[in-house]
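Residue numbers (the UniProt record's numbering): 1 to 418. Each remark here refers to the structure printed beneath this line.
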Amino acid sequence: MQTNQIFLLFCGVLLALGLAAFFMARAKATRTRASGTAMYAQPDQYAWFSVLTTAGPAVLVGVVGAFVMLLVGAEIPTPYLLSGSLVIAAVGLLFGMRQVRPDFHARQAIEKVIQVILATAAMVSILTTLGILISIVFEAIRFFQIQSFWDFITGTTWDPGASFLAAAGRADEAGSAAQFGSIPLFAGTFLITLIAMLVAIPVGLFAAIYMAEFAPDRIRTLAKPVLEVLAGIPTVVYGFFAAITVAPIVVDIAGWLGLEASYSNALAPGLVMGIMIIPFISSLSDDVITAVPDSMRQGSLALGMTKAETIKSVVLPASLPGIISASLLAVSRALGETMIVVMAAGMRPNLTANPLEDMTTVTVRIVAALTGDQEFESAETLSAFALGLVLFVVTLALNMVSVIMIRRFREKYRSNNL
Numbered sequence: 001m002q003t004n005q006i007f008l009l010f011c012g013v014l015l016a017l018g019l020a021a022f023f024m025a026r027a028k029a030t031r032t033r034a035s036g037t038a039m040y041a042q043p044d045q046y047a048w049f050s051v052l053t054t055a056g057p058a059v060l061v062g063v064v065g066a067f068v069m070l071l072v073g074a075e076i077p078t079p080y081l082l083s084g085s086l087v088i089a090a091v092g093l094l095f096g097m098r099q100v101r102p103d104f105h106a107r108q109a110i111e112k113v114i115q116v117i118l119a120t121a122a123m124v125s126i127l128t129t130l131g132i133l134i135s136i137v138f139e140a141i142r143f144f145q146i147q148s149f150w151d152f153i154t155g156t157t158w159d160p161g162a163s164f165l166a167a168a169g170r171a172d173e174a175g176s177a178a179q180f181g182s183i184p185l186f187a188g189t190f191l192i193t194l195i196a197m198l199v200a201i202p203v204g205l206f207a208a209i210y211m212a213e214f215a216p217d218r219i220r221t222l223a224k225p226v227l228e229v230l231a232g233i234p235t236v237v238y239g240f241f242a243a244i245t246v247a248p249i250v251v252d253i254a255g256w257l258g259l260e261a262s263y264s265n266a267l268a269p270g271l272v273m274g275i276m277i278i279p280f281i282s283s284l285s286d287d288v289i290t291a292v293p294d295s296m297r298q299g300s301l302a303l304g305m306t307k308a309e310t311i312k313s314v315v316l317p318a319s320l321p322g323i324i325s326a327s328l329l330a331v332s333r334a335l336g337e338t339m340i341v342v343m344a345a346g347m348r349p350n351l352t353a354n355p356l357e358d359m360t361t362v363t364v365r366i367v368a369a370l371t372g373d374q375e376f377e378s379a380e381t382l383s384a385f386a387l388g389l390v391l392f393v394v395t396l397a398l399n400m401v402s403v404i405m406i407r408r409f410r411e412k413y414r415s416n417n418l
């Protein structure tokens, strides 16, 4: 039999065992209760507990076996793995039937199982983050064994092509040794992110204030979904828009002002990225502002403050932690953007503060390093993991700073209202 047929057969048998456990346990509990014996749970609760003891361990064994084969590389024949799971399911059915007795708290047992499932779901994100970090760290260490860490974080020239030519035996063309100075990449990343934030934060926040405080219900119902559509547009479409429409406009305006601008400039993708990020800030800020109790607004108005003064002095301070969180989410989104930068800003590492010149970002170089034709053991490929590790640390630092800022604003706001 093929693997797919074996898996379908396993699912069918497990479903049959689960149904048998449900109806058998419920029937046993119903008979016990009908005999006049007091029970701590309802018959259906005993039935669902039997289903959990039947299907839960079997599914867990299958998942653990799959992970063992994936991580360790051990080969466990599929028929043996699924057959063992079914045997455990049968044992679980017998155990569940034995627990159908008056002194067993089936409801509490089910609640404990649900708590374990919820805690496991909560741990998935943490374990995933740890897995990503571990996979990056080990490869980054290999890169720093080849290249100097100090030169990587302080160097101002990114030229990994020399290492490729030297490895190919063309040292005369390579010229100097390969250089992996990451400052131009992070400078481009931060500059484009800054431009995007200068667009997204004011526009998004003002839009949120209007929709939460001034817009009639009819306009709010229509405007908010239309604004959130921007978040669903593919980034490649934004890239086309930045390269074909916005970049020529930037060049024309710069020429009219007597400035020289490249068609692959940082200003165009920064502006378009800011437009793309507006829904993140406006939607979250709108929810936070709307959550401010109306009693605070009414109290401010009763003291003679105008609506604008109420928004400035009452509503915004109360919702500031949420606005900071929304802005941080937008910054993280901008730091990880790749397609818009590739299509509109170019791929040349360029250390400059002029947004009218071409430059690139960390994520673009990561993609270029991992999709090239060089070997995985080469310094250029391993540099992608080093860049990813530093970008991860930068994002983590931003998160920590935002948490501290939010905590301080909350403490200050509470102390001012005591």
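We treat Cβ as the ideally placed atom computed from N, Cα and C, and that holds for glycine.
{"Query": "Identify whether alanine 20 lies in helix, strand or coil by the three-state DSSP scheme.", "Result": "helix"}
{"Query": "Going by the CB atoms, is the gap between glycine 92 and threonine 120 shorter than 7 Å?", "Result": "no"}
{"Query": "Near methionine 97, what residues of its chain come up, given a Cβ to Cβ distance below 7 Å and the 5 sequence neighbours on each side ignored?", "Result": "Met24, Ala25, Lys28, Ser50"}
{"Query": "Is the separation between the beta-carbon of serine 283 and that of glutamate 228 shorter than 7 Å?", "Result": "yes"}
{"Query": "Can you tell me where the alpha helix (DSSP H) holding valine 251 begins and where it ends?", "Result": "247 to 256"}
{"Query": "Return the bridge partner residues of aspartate 159 from the DSSP annotation.", "Result": "Gln179"}
{"Query": "Would valine 364 and valine 342 qualify as a contact pair, given that the criterion is a beta-carbon distance under 7 Å?", "Result": "yes"}
{"Query": "Report the CB separation of isoleucine 6 from leucine 82 in whole angstroms; it is logged as a contact under 8 Å.", "Result": "6 Å"}
{"Query": "Looking at the structure shown, is isoleucine 233 part of a helix, part of a strand, or coil, going by DSSP?", "Result": "coil"}
{"Query": "Asparagine 4 to phenylalanine 22, Cα distance in whole Å?", "Result": "27 Å"}
{"Query": "I'd like the ranges of any alpha helix (DSSP H) spanning at least 4 consecutive residues and lying wholly in the segment 334 to 394.", "Result": "339 to 344, 362 to 370"}
{"Query": "With distances taken from CA atoms, which of Lys312, Ala140, Val63, Gln179 is nearest leucine 205?", "Result": "Lys312"}
{"Query": "Just to check my reading of the structure: methionine 308 and phenylalanine 280 have Cβ atoms closer than 8 Å, yes? What is that Cβ distance to the nearest angstrom?", "Result": "In the sequence as displayed, the identity of residue 308 is alanine instead of methionine. Not a contact, Cβ separation roughly 25 Å."}
{"Query": "Could you tell me which of Ser182, Lys112, Ala243, Leu185 sits nearest to alanine 345, measuring between CA atoms?", "Result": "Ala243"}
{"Query": "Does the contact criterion of 3 or more C-beta pairs under 8 Å hold for the segment 188 to 208 versus the segment 322 to 337?", "Result": "yes"}
{"Query": "Report the rounded CA-to-CA distance for arginine 107 versus glutamine 115, giving the unit in angstroms.", "Result": "12 Å"}
{"Query": "For valine 64, which three-state DSSP category applies?", "Result": "helix"}
{"Query": "What is the DSSP secondary structure of leucine 93, reduced to helix, strand or coil?", "Result": "helix"}
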